[in-house]
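Worksheet for the structure shown next.
Residue numbers (our numbering): 16 to 307.
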């Protein structure tokens, strides 16, 4: 998975943050996650190889801010520069995720208009309370692409009224991991999957989480690869109606102005991974081989 973290760190704002995976991972490295700082990879989308080509190829998808929140208050001083980077790569699709959609109105760039063609706005909805709080902000914000992530899924989410608007094109769902992982119930995931199918919205069940409940029985699944495999085998994921992504080559491109179709690289084990439907490909870091 290709990830861009222009800054690192966040502070907890809701129930889904209680056992935040980033806080857990940072604690093992002696890092204070509540301290937000600009990363060395801030300009990753603009980095080039020796031959002058971008390290992130045209047509790629970038997950933005998985070790932070793109709209966290402490990053206000850097966000305009990040938006500038996004504008300079209209050939790359950026997926932004936030638990702070109430800040969208004041944090979007001045030229946002009806939205950038290469940006998807996503909010986290870990339970019904947060779905009802955050999805109205998402739906009222102009955007070319919208989605939400029911993860960590710690309660049922009835999204019928929001999916019925036709403004949401994708939903991701997954259980909680690491210290104190709260249970994710099969019935919750199944309900959300059914609602997405009814409205032709892509639904991706990416992982069960450490504690998964099905048919009244609780399963402990600490291995994340097994979690994703079980999610894949559930058959709950669904490819909905695809919304065109109108990407274009960066300004100054003279030849080959059509954005090439980027073919993500997948390892053999990716074939039965719950993430595959919405994953942007293997980064070939070798971590999976170390665990075999």
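Quick reminder that beta carbons are idealized off the backbone N, C-alpha and C, glycines included.
Counting only the Cα atoms, residue 272 lies some 13 Å from residue 104. Taking a C-beta distance under 9 Å as the contact criterion, residue 129 and residue 158 qualify as a contact pair.
DSSP places residue 44 in the coil class of the three-state scheme, outside both helix and strand. Here the stretch 170–180 lies against the stretch 136–152, with 3 or more beta-carbon pairs under 8 Å apart. Residue pairing by DSSP puts residue 18 in a beta bridge opposite 78.
A contact is defined here as three or more CB-CB pairs under 8 Å, and the stretch 232–242 fails this definition with respect to the stretch 28–35.
Residue range 185–189 is occupied by the beta strand (DSSP E) that includes residue 188. Using a Cβ distance threshold of 9 Å, residue 219 and residue 289 count as a contacting pair. Bounds of the beta strand (DSSP E) holding residue 112 are 108–113. Look at residue 290 here: in three-state DSSP terms it is coil, with no helix or strand label. In the assembly as shown, residue 202 is an exposed residue. Its beta-carbon has fewer than 16 other beta-carbons within 10 Å.
Under the three-pair Cβ rule at 8 Å, the stretch 224–235 does not count as touching the stretch 55–67. Counted as a single uninterrupted DSSP element, the alpha helix (DSSP H) harbouring residue 101 occupies residues 91–103. Within the same chain, Cβ atoms closer than 6 Å to the Cβ of residue 108 are found at 76, 133 and 260, the five residues on either side in sequence being excluded. The closest CA to that of residue 24, considering only 42, 52, 40 and 45, is found on 52. The continuous stretches of beta strand (DSSP E) do not include residue 30, and DSSP gives it neither H nor E.
Counted as a single uninterrupted DSSP element, the alpha helix (DSSP H) harbouring residue 144 occupies residues 143–155. Annotated three-state conformation of residue 139 is strand, per DSSP. Separation of residue 285 and residue 168 (C-alpha to C-alpha, rounded to the nearest whole angstrom) is 23 Å. By the 16-neighbour rule on beta-carbons within 10 angstroms, residue 189 is buried. Between the alpha carbons of residue 266 and residue 117 lies a gap of roughly 32 Å.
Here residue 162 is buried: its Cβ has 16 or more other Cβ atoms, across all protein chains shown, within 10 Å.
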